[in-house]
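Enquirer: Once you've had a glance at the structure underneath, I'll fire off some questions.
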Amino acid sequence: MWKDVPYVILSILIALVLLSLHFPAQGEELGARATSQIEAGFTSNGTDSGIGEPDTFVRQVHVLEIGSETPELALRGSVRFEDMRFRVQEIENDQSLGVSLAVGRQVTPELLLRGAVSAQVSDVGDDWNFLGFYIATRTPSIAAEGSAEAVWRAGGTEIKARAELGGHRYGDASFPTLPLEPMKLQADDTRYRGQVSVRQALGAVVGLAEVEGEIVDIPERDQVDLGRLPGRRLRGSLGGELGWGSVTVSAEGGGEVVWADERQLLLPYARLRLALAVTDSLSLEAVAGQRVELVDNLDAAGSHDRRLSVGLRYALQPEFAVLASAERVMRVGLIDPTMTSDETVLALAFEHSLNAHFAYRAKVSHTSHVDTIETYEKTEFVLGVTGTI
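Just so we're aligned: 156 in our numbering is position 137 of the sequence shown, and the numbers increase by one with no gaps anywhere.
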């Protein structure tokens, strides 16, 4: 699969070119949109680590989207380039290029089919904490994903079935500041995921039921050399959603069975969301939950994460808004509970849309991070502009 990723990227690019050259038939809509975002900022901790130093940076993101749509068929494609550069701590510079293609077809009034493929190549700089010593590294990687989804709606019932295949392949990390041979530091992974969910209207309440399974496979060589472990999980949950005036509340609860390191674990799953439009200008959203994570692992197998976030948006004018947010993420190792991470991010931002094509944003944020290995603080000031044509 992974040796074919460059051909997948080339195929998606060719499909995007064909889409852009396609002449729309009667009743068909064809559109293209280019968006560029450029941010300049100051950070008190350029490496997100215990030895981080102040620095300035420039981040740019450029996205080209092309779409073609009829009443029965929709095609969407995109190319995305992202670049992050620091003035002093150049080892933290990152670049990535991604492409995606999605298709949707309304087979019958009740049945909708969707499919999507995406791929991304990245070159990421980081500081590797090795036994308390920080070593500059640079790692190339490829990520790819494909998904297929069927959605059936009739009356007050919606049934959704989804299958995904994806993963990451990492190259050997180089050490720009040391005379060391490149070596692999991150384990490859392949992810298989399946999900079936049901939404059923029951008067003013919508009932929710969901079953999800995931398998994360790790190559045997990476298991031996890097200590990374594969894992499987199966989740079942029930819940409900209630909309009452300007308030929407949804709650889900259940459990996850996890198989990792020849163990079987039963862990709780929960998600609670509250959305409130206080006035036409003021809105509030709060989300809390806990779940198992097998890909972005904290210990050798994964983590059990708890998350709480609150966001507030106040529109001083239709085109000018103030946003405030607070988020805390607490993680515990899946098979090693001594591995922990606790991070809190507070942010305040101002957004101003000058017209349909141009907007600017100013943001200040503060991060507090504590984990088993290190503790650090970070404050950032960012000013960004976004243009769309």
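Where a beta carbon is used, it is the ideal one built from N, C-alpha and C, also for glycine.
Determine, using beta carbons only, whether A155 and D146 come nearer to each other than 8 Å.
Expert: Within the sequence shown, residue 155 is the residue found at index 136, counting from 1. Within the sequence shown, residue 146 is the residue found at index 127, counting from 1. Yes, the pair counts as a contact, with Cβ atoms nearer than the cut-off.
Enquirer: Apart from the five residues on each side of it in sequence, which residues of its chain come closer than 6 Å, Cβ to Cβ, to G86?
Expert: Within the sequence shown, the letter at position 67 stands for residue 86. Here the set comprises G50 and R95.
Enquirer: Starting from Q242, follow the alpha helix (DSSP H) in both directions and report where the run begins and ends.
Expert: The sequence position of residue 242 within the sequence shown is 223, counting from 1. Element bounds for Q242: E239 to L245.
Enquirer: Could you have a look at I354 and say whether DSSP puts it in helix, strand or coil?
Expert: As a working mapping, residue 354 is identified with position 335 in the sequence shown. Coil, per DSSP.
Enquirer: What's the C-alpha gap between L367 and M103?
Expert: Sequence index remark: in the sequence shown, residue 367 carries index 348 (1-based). Sequence index remark: in the sequence shown, residue 103 carries index 84 (1-based). The alpha-carbon atoms of L367 and M103 are separated by roughly 22 Å.
Enquirer: Give the DSSP bridge partners of F179, in chain order.
Expert: Taking the first residue of the sequence shown as position 1, residue 179 is located at position 160. This sequence places Lys at residue 179; Phe is not what is there. Partner(s): V170 and S216.
Enquirer: When the distance is taken between beta carbons, is K179 closer than 8 Å to Y189?
Expert: As a first step, residue 189 is located in the sequence shown; it is residue number 170 there, counting from the start. As a first step, residue 179 is located in the sequence shown; it is residue number 160 there, counting from the start. No.
Enquirer: Taking DSSP as the reference, what is the three-state secondary structure of L110?
Expert: As a position in the sequence shown, residue 110 is number 91, starting the count at 1. Leu is not the amino acid found at residue 110; the sequence shown has Ile there. Reduced to three states, the DSSP call for I110 is helix.
Enquirer: Leaving out five residues before and five after V77 in sequence, what residues of the same chain have Cβ atoms less than 6 Å from its Cβ?
Expert: Reading the sequence shown from its first residue, position 58 is the one you call residue 77. A59 and R104.
Enquirer: Look up P249 in the DSSP assignment and give the residues it is bridged to.
Expert: Locating residue 249 in the sequence shown gives position 230, counting from the first residue. Per DSSP, none; premise fails for P249.
Enquirer: Which of the three DSSP states is assigned to T158 in this structure?
Expert: Residue numbering aside, residue 158 sits at position 139 when the sequence shown is read from its first letter. In this structure, T158 counts as strand in the three-state DSSP scheme.
Enquirer: Could you tell me which residues DSSP pairs with H376 in its beta bridges?
Expert: As a working note, residue 376 is residue 357 in the sequence shown. The partner list for H376 (beta bridge, DSSP) is empty, contrary to what the question assumes.
Enquirer: Would you kindly check if the distance between the Cβ of V389 and the Cβ of L353 is under 8 Å?
Expert: Stepping through the sequence shown from its first residue, residue 353 is reached at position 334. Stepping through the sequence shown from its first residue, residue 389 is reached at position 370. Result no, Cβ atoms of L353 and V389 do not sit closer than 8 Å.
Enquirer: Compare the Cα-Cα distances from R252 to each of V268, L245, R210 and V277 and report the closest residue.
Expert: Translated into positions along the sequence shown, residue 252 becomes position 233. Here the closest residue by C-alpha is V277.
Enquirer: Expressed to the nearest angstrom, what Euclidean distance is found between the alpha-carbon atoms of T89 and V215?
Expert: Numbered from 1 along the sequence shown, position 70 holds the residue referred to as residue 89. Numbered from 1 along the sequence shown, position 196 holds the residue referred to as residue 215. Straight-line Cα distance between these residues: approximately 28 Å.
Enquirer: Could you please give the first and the last residue of the uninterrupted beta strand (DSSP E) stretch that includes S322?
Expert: In the sequence shown, counting from the first residue as 1, residue 322 sits at position 303. From DSSP, the beta strand (DSSP E) with S322 extends over S322 to Q336.
Enquirer: With DSSP collapsed to three states, give me the class of T127.
Expert: Residue 127 sits at position 108 when you count from the first residue of the sequence shown. The answer is coil: DSSP assigns T127 none of H, G, I, E or B.
Enquirer: Spell out the partners DSSP gives G258 in its beta bridges.
Expert: If you number the sequence shown from 1, residue 258 lands on position 239. Note: G258 sits in a beta bridge opposite L227 and E271.
Enquirer: Note down, in chain order, each residue of its chain lying with its Cβ closer than 8 Å to the Cβ of A223, except the 5 sequence neighbours on either side.
Expert: Residue mapping note: residue 223 aligns to position 204 of the sequence shown, counting from 1. Here the set comprises L261, G262 and W263.
Enquirer: Among I110, V98, P356 and G175, which has the Cα closest to the Cα of A319?
Expert: As a first step, residue 319 must be located in the sequence shown, where it is residue number 300. The candidate whose alpha carbon is nearest that of A319 is P356.
Enquirer: Closer than 8 Å by C-beta to D23: which residues in its own chain qualify, once you throw out the five before and the five after it? Chain order, please.
Expert: Along the sequence shown, one-based indexing puts residue 23 at 4. Confidence is the limiting factor: at D23 the pLDDT is only 49, short of 50, which leaves the residue's position unreliable and the question unanswerable from this model.
Enquirer: Thinking Q125 and E177 are a contact (beta carbons under 8 Å), I'd like their distance in whole angstroms, please.
Expert: The sequence position of residue 125 within the sequence shown is 106, counting from 1. The sequence position of residue 177 within the sequence shown is 158, counting from 1. The Cβ separation is near 15 Å, so there is no contact.
Enquirer: From V306 to G272, what distance separates their C-alpha atoms?
Expert: Start at 1 with the first residue of the sequence shown, and residue 306 comes out as number 287. Start at 1 with the first residue of the sequence shown, and residue 272 comes out as number 253. Their backbone Cα atoms lie some 14 Å apart in a straight line.
Enquirer: Helix, strand or coil: which one does DSSP assign to F194?
Expert: In the sequence shown, counting from the first residue as 1, residue 194 sits at position 175. Coil at F194, not helix or strand.
Enquirer: State the start and end residues of the unbroken beta strand (DSSP E) segment that holds I70.
Expert: By 1-based counting over the sequence shown, the position of residue 70 is 51. No beta strand (DSSP E) holds I70; DSSP gives it neither H nor E.
Enquirer: Taking all protein chains shown into account, do 16 or more other C-beta atoms lie within 10 angstroms of the C-beta of T196, making it buried, or fewer, making it exposed?
Expert: On the sequence shown, position 177 is the one that residue 196 refers to. Flag for T196 reads exposed.
Enquirer: Under the DSSP definition of a beta bridge, which residues are partnered with I392?
Expert: Start at 1 with the first residue of the sequence shown, and residue 392 comes out as number 373. BP columns for I392 are empty, so no partner.
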